[in-house]
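Engineer: Next up is a structure, given as structure tokens.
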Amino acid sequence: MDFIKDELIKLLKTAGVAGEIDLSAPPKSEMGDLAYACFETAKKQGINPAEAAKVLAQKITPTTLVEKIEAIGPYVNFHLNTAQAAKLILLKKEKKQKTGKKIMVEYSQPNTHKEFHVGHLRNACIGAAVVKMLKETGNKVIAANYIGDIGAHVAKCLWYVKRHKMNDWPKENLGSWIGKMYTESVAELEKNPDAKSEIDGVQRKLESRDREWSKLWEKTRKASLDEFKRIYKLLGNEFDVWFFESEEENRGKEMVQELLKKGIAKIGEGGAVIVDLSQYGLDIFLLLKSDGSTLYATKDLALAEKKFKKYKIDESVVIIDTRQVFYFKQLFKTLELAGWKKKFICLAYEFVRLPEGAMSSRRGNVVLFEDIYNEVFSALQSEVASRHNDWKPAKRDETARALALSAIKFGMLKHPIDKVIEFEVKEAMSFDGYTGPYVLYTIARINSIMKKFGKKVPVAEKYLSGLVKGEEKNLIMKIGQFNQVIKSAADGFDPSALARYSFDLAKIFNDFYGKCGILNADDAGQKTARLILCDRVRETLGKAAELLNIGTVEEM
RNA sequence: GGCCCCGUAGUUCAAAGGAUAGAACAACAGCCUUCUAAGCUGUGGAUCUAGGUUCGAUUCCUAGCGGGGUCACCA
């Protein structure tokens with residue numbers, strides 16, 4: 026699209042337009058392919074925009090690329106020659122502009138000793154997509170996970186296990202069992218608040234690496250981690266660096282002392298270490314508990330230091346639940362007061378709730394990733410079986426798995442991050458319309474055509490003159506937008522823009538597919554031209570899916 | 001109460017201050033001797049309220065109303 030825009034901008038400049046020129050797509054394709062809005066120009070000339078558009082349109086003469094220039098209201102609309110547009114969009118490679126920053130994206134951050142539910146899923150999906158999009162736009166990206174393997178929640182879980190469950194450990198699925206023990210522990214603590222002091226004692230023992238408790242901790246921690254790694258493998262999440270809270274405790278405590286010395290932190294009510302941020306509207310920030318044991322904040326100080334010192338990154342992006350933004354504002358402010366001038370970006374997504382209310386391990390109304398995956402997978406198993414009786418079971422399962430993951434991941438990514446997702450099983454089970462399977466289906470349709478064609482599609486400019494229809498042009502123009510969509514989605518950390526684009530492109534393709542014969546086109550030239558177009562649609566959809574961390578299928 | 005996010009068809013969401021506010025789901029009516037009907041076509045249906053800035057506001061500002069979140073030993 027850049028080549029086309031460059032040429033149009035040149036035409037406009039020759040016609041006397043000065044300054045920045047911005048071209049947009051008109052709302053309806055009949056109106057033209059690209060439009061220039063004349064508001065600025067009109068203002069400079071002191072005439073009304075519709076008049077300016079009319080004058081400007083008359084000054085520009087058609088070229089091989091631009092067939093018609095038309096003023097509609099305040100807009101100058103350019104109608105492009107389809108074959109020429111196809112040449113510039115389908116055949117010419119645009120050079121990518123590189124941002125070239127070194128960015129660490131920290132995401133997922135699950136707590137061991139807890140269950141992995143669909144709220145965690147949203148983070149994992151957004152994170153994977155953000156990492157891929159930032160890489161695509163030329164950044165060096167380090168994908169980091171930060172495991173909450175120590176802290177109050179671990180103490181709660183282990184206190185309960187030690188007290189009630191030492192004799193009934195399961196042989197399998199230890200990781201998810203431990204998560205359930207956490208939930209039971211919370212329930213018990215609610216009934217019996219006095220247990221709090223016992224649990225605090227457990228946390229202190231864990232932090233002082235008491236031998237007996239450490240042994241229990243190591244075993245359960247590993248089981249939790251194995252469970253997470255299994256889920257990441259299924260989801261296709263890969264991390265370059267693993268941080269653990271347990272490894273940040275000591276340095277964190279030291280840093281708290283340093284902040285005390287500098288006078289940035291002080292001892293607050295009850296003996297805890299605090300930073301008073303009330304003059305910044307950020308209340309009181311707690312760094313260390315009164316009994317000397319650590320908080321999230323203690324460890325995050327050390328982690329921030331490690332990220333910039335050890336990994337020498339330019340920016341630190343942290344993907345978190347919106348409920349933690351206040352905490353992160355406090356943390357960033359504290360680092361700033363301590364003299365840090367680093368770029369911290371806090372990418373907050375709204376949470377996933379259930380129709381009956383917020384998910385809470387406490388109330389036991391969480392939807393586990395595992396459960397929803399199994400449900401979607403088995404629904405797709407029967408879908409696939411009903412369509413492909415002849416396939417081997419292994420192939421059917423593999424297809425159902427890919428489709429299930431595409432449905433779940435796309436469902437998490439299609440909502441903008443600042444919208445609360447109300448998670449409904451019914452919606453997760455729908456495979457029509459604005460869904461992952463719809464995009465995969467479109468790719469599978471193209472694969473099928475290519476397979477029937479049976480040869481490599483010959484790509485050459487001479488075939489493109491076969492492209493003349495409106496449906497073809499719509500597709501070409503949409504493909505032309507791809508690079509810009511990637512760029513703005515990456516810059517805005519917004520996978521939903523890319524998800525929407527891939528759906529729109531698939532939709533335009535299916536329209537084309539229904540109206541234009543491909544293998545049975547009117548003549549050989551047209552057929553080849555359409556095959557080239559199909560190939561580029563497939564490539565674009567495939568790339569979009571890849572950037573969203575969604576795997577595709579050959580056929581379905 | 002302070003601060004943060006969100007209010008658009010029945011529902012879930014679009015629309016860098018610009019053209020007749022777009023989709024999807026659901027509802028209803030059609031389309032498989034032809035490249036995969038997980039598809040396509042058609043029909044109805046919406047900007048929370050009141051001000052302001054602007055040639056122009058769904059978008060920006062102010063106030064209100066409604067929903068959600070958060071505010072010292074949780075993460």
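Numbering (our numbering), first residue to last: 26 to 581.
Beta carbons are placed, not taken as given, at the ideal position from N, Cα and C, and that holds for glycine.
I'd like to know whether the C-beta atoms of residue 57 and residue 106 end up nearer to each other than 7 Å.
Structural biologist: Looking up residue 57 in the first sequence gives position 32. Looking up residue 106 in the first sequence gives position 81. No, Cβ-Cβ distance for residue 57 and residue 106 is not below 7 Å.
Engineer: Can you give me the start and stop residues for the beta strand (DSSP E) that residue 129 sits inside?
Structural biologist: Numbered from its first residue, the first sequence carries residue 129 at position 104. Element bounds for residue 129: 127 to 131.
Engineer: Assuming the contact rule is C-beta atoms closer than 8 Å, residue 505 and residue 158 should be a hit. Round their C-beta distance to whole Å, please.
Structural biologist: For the purposes of this step, residue 505 is taken as the residue at position 480 of the first sequence. For the purposes of this step, residue 158 is taken as the residue at position 133 of the first sequence. With 8 Å as the limit, residue 505 and residue 158 do not qualify as a contact, their Cβ atoms being about 19 Å apart.
Engineer: Please return the same chain residues whose Cβ sits closer than 7 Å to the Cβ of residue 298, not counting the five positions on each side in sequence.
Structural biologist: Position 273 of the first sequence, counted from the first residue, corresponds to residue 298. Answer for residue 298: 281, 285, 290, 292, 312 and 313, listed in chain order.
Engineer: For residue 545, count the other beta carbons within 10 Å of its own beta carbon; 16 or more makes it buried, fewer makes it exposed. Which is it?
Structural biologist: Against the first sequence, residue 545 aligns to sequence position 520. So residue 545 counts as exposed.
Engineer: Please go through the same chain and pick out, in chain order, the residues whose beta-carbon is closer than 6 Å to the beta-carbon of residue 276, but skip the five residues on each side of it.
Structural biologist: Taking the first sequence and counting its residues from 1, the one referred to as residue 276 is at position 251. Answer for residue 276: 327, listed in chain order.
Engineer: On the three-pair Cβ rule with 8 Å, is the region 414 to 429 touching the region 228 to 242?
Structural biologist: With a cut-off of 8 Å, the region 228 to 242 and the region 414 to 429 do not count as touching, because too few Cβ pairs lie within range.
Engineer: As a quick exercise: from 64, 359, 112 and 92, pick the residue whose alpha carbon is nearest that of residue 36.
Structural biologist: In the first sequence, residue 36 corresponds to position 11, counting from 1. Measuring from the Cα of residue 36, the nearest candidate turns out to be 92.
Engineer: Please report how far the alpha carbon of residue 524 lies from the alpha carbon of residue 512, in whole angstroms.
Structural biologist: Along the first sequence, read from residue 1 onward, the residue named residue 524 stands at position 499. Along the first sequence, read from residue 1 onward, the residue named residue 512 stands at position 487. Cα to Cα, residue 524 sits roughly 13 Å from residue 512.
Engineer: If I measure Cβ to Cβ from residue 473 and keep anything under 8 Å in the same chain, skipping five residues before and after, which residues do I get?
Structural biologist: Here the question's residue 473 lines up with position 448 in the first sequence. Correct list, in chain order: 580.
Engineer: Could you give the uninterrupted runs of the alpha helix (DSSP H) lying entirely in the region 469 to 521, keeping only those of 4 residues or more?
Structural biologist: Qualifying alpha helix (DSSP H) stretches, in chain order: 495 to 505 and 507 to 516.
Engineer: Is the distance from the Cβ of residue 324 to the Cβ of residue 237 below 7 Å?
Structural biologist: The sequence position of residue 324 within the first sequence is 299, counting from 1. The sequence position of residue 237 within the first sequence is 212, counting from 1. Contact flag unset, no.
Engineer: Excluding the five sequence neighbours on either side, which residues of its own chain have a C-beta within less than 8 Å of the C-beta of residue 228, listed in chain order?
Structural biologist: Sequence index remark: in the first sequence, residue 228 carries index 203 (1-based). Cβ neighbours of residue 228 beyond the five flanking positions: 176, 177, 179, 180 and 318.
Engineer: Given a threshold of 16 other Cβ atoms within 10 Å of its Cβ, counted over all protein chains shown, does residue 498 qualify as buried or as exposed?
Structural biologist: For the purposes of this step, residue 498 is identified with residue 473 of the first sequence, where counting begins at 1. Per the 10 Å Cβ criterion, buried.
Engineer: Going straight from the alpha carbon of residue 393 to that of residue 374, what length do you get?
Structural biologist: Within the first sequence, numbered from 1, the residue matching residue 393 stands at position 368. Within the first sequence, numbered from 1, the residue matching residue 374 stands at position 349. Approximately 19 Å, taken between the alpha carbons.
Engineer: Grab the span of the beta strand (DSSP E) containing residue 170 for me, first residue to last.
Structural biologist: For the purposes of this step, residue 170 is identified with residue 145 of the first sequence, where counting begins at 1. That run of the beta strand (DSSP E) goes 165 to 172.
Engineer: Return helix, strand or coil for residue 234, following the three-state DSSP convention.
Structural biologist: One-based indexing of the first sequence puts residue 234 at position 209. In the structure shown, residue 234 sits in coil (DSSP, three-state: anything other than H, G, I, E or B).
Engineer: Since residue 429 and residue 448 are thought to touch, with beta carbons under 8 Å apart, how far apart are those beta carbons, to the nearest angstrom?
Structural biologist: One-based indexing of the first sequence puts residue 429 at position 404. One-based indexing of the first sequence puts residue 448 at position 423. That pair is no contact at about 15 Å.
Engineer: Would you mind giving the Cβ-Cβ distance between residue 397 and residue 143, rounded to the nearest angstrom? I have them listed as a contact below 8 Å.
Structural biologist: Sequence index remark: in the first sequence, residue 397 carries index 372 (1-based). Sequence index remark: in the first sequence, residue 143 carries index 118 (1-based). Right, their Cβ atoms sit about 6 Å apart.
Engineer: So, for residue 569: in the same chain, excluding its five sequence neighbours on each side, which residues have a beta-carbon less than 7 Å away from its beta-carbon?
Structural biologist: As a first step, residue 569 must be located in the first sequence, where it is residue number 544. Contacts found: 523, 526 and 527.
Engineer: Here's a check: name, in chain order, each residue in its chain whose Cβ is nearer than 7 Å to the Cβ of residue 248, leaving out the five neighbours to either side.
Structural biologist: Here residue 248 refers to the residue found at position 223 when the first sequence is read from its first residue. The residues are 199, 200 and 203.
Engineer: Please report the residue range of the beta strand (DSSP E) in which residue 283 lies.
Structural biologist: Taking the first sequence and counting its residues from 1, one reaches residue 283 at position 258. Element bounds for residue 283: not the beta strand (DSSP E) but the alpha helix (DSSP H), 274 to 287.
Engineer: Cutting at 6 Å between CB atoms, please list the residues of its own chain near residue 489, excluding the five before and the five after it.
Structural biologist: Here the question's residue 489 lines up with position 464 in the first sequence. The residues are 108, 111, 112 and 554.
Engineer: Curious, which full-length alpha helix (DSSP H) runs of at least 4 residues does the region 134 to 164 contain?
Structural biologist: Taking only runs of at least 4 residues, the alpha helix (DSSP H) segments lying wholly in the region 134 to 164 are 143 to 161.
Engineer: In the DSSP assignment, find the beta strand (DSSP E) that holds residue 93 and state where it starts and stops.
Structural biologist: Here residue 93 refers to the residue found at position 68 of the first sequence. First-last of the beta strand (DSSP E) with residue 93: 91 to 97.
Engineer: How should residue 652 be labelled, buried or exposed, when 16 other C-beta atoms within 10 angstroms of its C-beta is the threshold for buried?
Structural biologist: Nothing about residue 652 can be reported from this structure: the residues present for the chain run from 26 to 581 only.
Engineer: Below 7 Å CB to CB, which residues in the same chain sit around residue 190 once its five sequence neighbours on both sides are set aside?
Structural biologist: Taking the first residue of the first sequence as 1, we reach residue 190 at position 165. 206.
Engineer: Grab me the residues of residue 116's own chain with a C-beta within less than 8 Å of its C-beta, minus the 5 sequence neighbours each way, in chain order.
Structural biologist: The residue you call residue 116 lines up with position 91 of the first sequence. Result list for residue 116: 484, 486 and 489, in chain order.
Engineer: Specify, as a first and last residue, the run of the alpha helix (DSSP H) that residue 391 falls within.
Structural biologist: Mapped onto the first sequence, residue 391 falls at position 366. Segment: none, residue 391 is in no alpha helix (DSSP H) and carries neither H nor E.
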